[in-house]
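For reference, the structure discussed in these notes is given below.
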Amino acid sequence: EAGVAQSPRYKIIEKRQSVAFWCNPISGHATLYWYQQILGQGPKLLIQFQNNGVVDDSQLPKDRFSAERLKGVDSTLKIQPAKLEDSAVYLCASSLGAEYYGYTFGSGTRLTVV
Amino acid sequence: AQSVTQLGSHVSVSEGALVLLRCNYSSSVPPYLFWYVQYPNQGLQLLLKYTSAATLVKGINGFEAEFKKSETSFHLTKPSAHMSDAAEYFCAVSDMNTGFQKLVFGTGTRLLVSP
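Respectively, the protein sequence lines represent chains A and B. Counting from 1, position 62 in the first sequence corresponds to residue 62 in the working numbering; the numbering is continuous, with no gaps. Counting from 1, position 31 in the second sequence corresponds to residue 1031 in the working numbering; the numbering is continuous, with no gaps.
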């Protein structure tokens, strides 16, 4: 089966600019997650979708971050305006949803804000 | 809320030596536990998972982990390290406090393997 697809793989922007990341989960996976992984740290959940509805966005900085999942399939994560501290790898993952499954991760997008 | 603690941000072993990466969990209910591996510039790959069946779980690449409820631990081991095992390893616990599964990750342990 095809894995979780993410693009772009790398992005360099200046602070205060905007950026968007795209994710295509594994077909049939109802649950989609965006994680932020800052260098030297474990992944931190930003937002979790069940189909096209948000079930957890408690850690999402909503003043600058937004995400959507159209038609319960692809998802886009946007940052506007970006700050230096947003430099990180943004990982998308999908799951069948049951707690014993774990996730399948994409390769991530490495964002550098200068 | 569930959490995991990984002891040691870096572990160094020689090729052929035993690998032991430590993970302790905090959970109010029987947990589901996972180990993931991350190679440079790649996403996370599932190594193994504990889902309340056998307490000794075997995963890919010769890794295994033992769930010990009395010690609230889920340590990852491999009898003989290979150079290709050098990577970052993350322990994670399933958290269902929103009614939907999410994984809470530890801070990771970087495994260094020397010839």
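Yeah, the Cβ is synthetic: ideal placement off N, Cα and C, and Gly gets one too. If you're wondering where the values come from, they're calculated on a predicted model, not measured in any experiment.
Going straight from the alpha carbon of residue i to that of residue j, what length do you get?
| i | j | result |
| --- | --- | --- |
| SER1073 (chain B) | LEU1046 (chain B) | 18 Å |
| LYS71 (chain A) | SER1012 (chain B) | 46 Å |
| TYR1039 (chain B) | MET1083 (chain B) | 12 Å |
| LEU60 (chain A) | PRO1115 (chain B) | 43 Å |
| ALA20 (chain A) | LEU84 (chain A) | 16 Å |
| THR1107 (chain B) | LYS1058 (chain B) | 23 Å |
| GLN80 (chain A) | GLU68 (chain A) | 14 Å |
| LEU1021 (chain B) | VAL4 (chain A) | 28 Å |
| ALA1081 (chain B) | SER94 (chain A) | 30 Å |
| GLU14 (chain A) | ARG64 (chain A) | 15 Å |
| GLN37 (chain A) | THR1051 (chain B) | 25 Å |
| THR76 (chain A) | LEU1048 (chain B) | 29 Å |
| HIS1010 (chain B) | SER1003 (chain B) | 20 Å |
Could you check where the beta strand (DSSP E) with residue i kicks off and where it finishes?
| i | result |
| --- | --- |
| ILE12 (chain A) | 10-13 |
| ASP56 (chain A) | 53-56 |
| ARG1110 (chain B) | 1109-1114 |
| HIS1075 (chain B) | 1073-1078 |
| ALA67 (chain A) | 65-69 |
| TYR1036 (chain B) | 1033-1038 |
| LYS78 (chain A) | 75-79 |
| ALA5 (chain A) | 5-7 |
| GLN37 (chain A) | 31-37 |
| ILE26 (chain A) | Run containing ILE26 (chain A): none; DSSP gives neither H nor E here. |
| SER1026 (chain B) | 1019-1026 |
| GLN50 (chain A) | 44-50 |
Starting from the Cα of residue i, find the closest Cα among the options and give me that residue.
| i | options | result |
| --- | --- | --- |
| PRO1079 (chain B) | B:GLN1006, B:PHE1034, B:THR1005 and B:ALA1017 | B:ALA1017 |
| ALA1029 (chain B) | B:TYR1089, B:LYS1049 and B:ASN1097 | For the sequence presented, residue 1029 (chain B) should be read as Val rather than Ala. VAL1029 (chain B) has its Cα closest to that of B:ASN1097, out of B:TYR1089, B:LYS1049 and B:ASN1097. |
| CYS1091 (chain B) | B:CYS1023, B:ALA1001, B:GLU1015 and B:LEU1007 | B:CYS1023 |
| LYS78 (chain A) | A:GLN41, A:TRP34 and A:ALA30 | A:TRP34 |
| ARG9 (chain A) | A:VAL113, A:GLY106 and A:VAL114 | A:GLY106 |
| VAL1113 (chain B) | B:ALA1086, B:SER1094 and B:ASP1095 | B:ALA1086 |
| SER1027 (chain B) | B:GLY1062, B:GLU1015, B:ASP1095 and B:LEU1048 | B:ASP1095 |
| TYR90 (chain A) | A:ALA30, A:CYS23 and A:SER27 | A:CYS23 |
| VAL73 (chain A) | A:SER27, A:SER18, A:GLN17 and A:ASP56 | A:SER27 |
| ALA82 (chain A) | A:PHE49, A:ASP56, A:SER18 and A:GLN41 | A:SER18 |
| THR31 (chain A) | B:ARG1110, B:GLN1101, B:THR1109 and B:LEU1111 | B:GLN1101 |
| GLY102 (chain A) | B:THR1005, B:PRO1031 and B:ASN1041 | B:PRO1031 |
| THR1109 (chain B) | A:SER58, A:LEU111 and A:LEU39 | A:LEU39 |
Mapping the DSSP letters down to three states, classify residue i as helix, strand or coil.
| i | result |
| --- | --- |
| SER1084 (chain B) | helix |
| ASN1061 (chain B) | helix |
| LEU96 (chain A) | coil |
| GLU85 (chain A) | helix |
| LYS1049 (chain B) | strand |
| LYS1102 (chain B) | strand |
| LYS1068 (chain B) | strand |
Contact defined as beta carbons within less than 8 Å: I believe residue i pairs with residue j. What is the distance between those atoms, to the nearest angstrom?
| i | j | result |
| --- | --- | --- |
| LEU1103 (chain B) | TYR1089 (chain B) | That belief does not hold up - the Cβ atoms of LEU1103 (chain B) and TYR1089 (chain B) are roughly 14 Å apart, past 8 Å. |
| ILE47 (chain A) | VAL114 (chain A) | ILE47 (chain A) to VAL114 (chain A), Cβ: 25 Å. No contact. |
If you measure from the CB of residue i, is any heavy atom of the ligand COA nearer than 7 Å?
| i | result |
| --- | --- |
| SER1073 (chain B) | Absence of the ligand COA is noted for the structure shown, with no ligands found whatsoever. |
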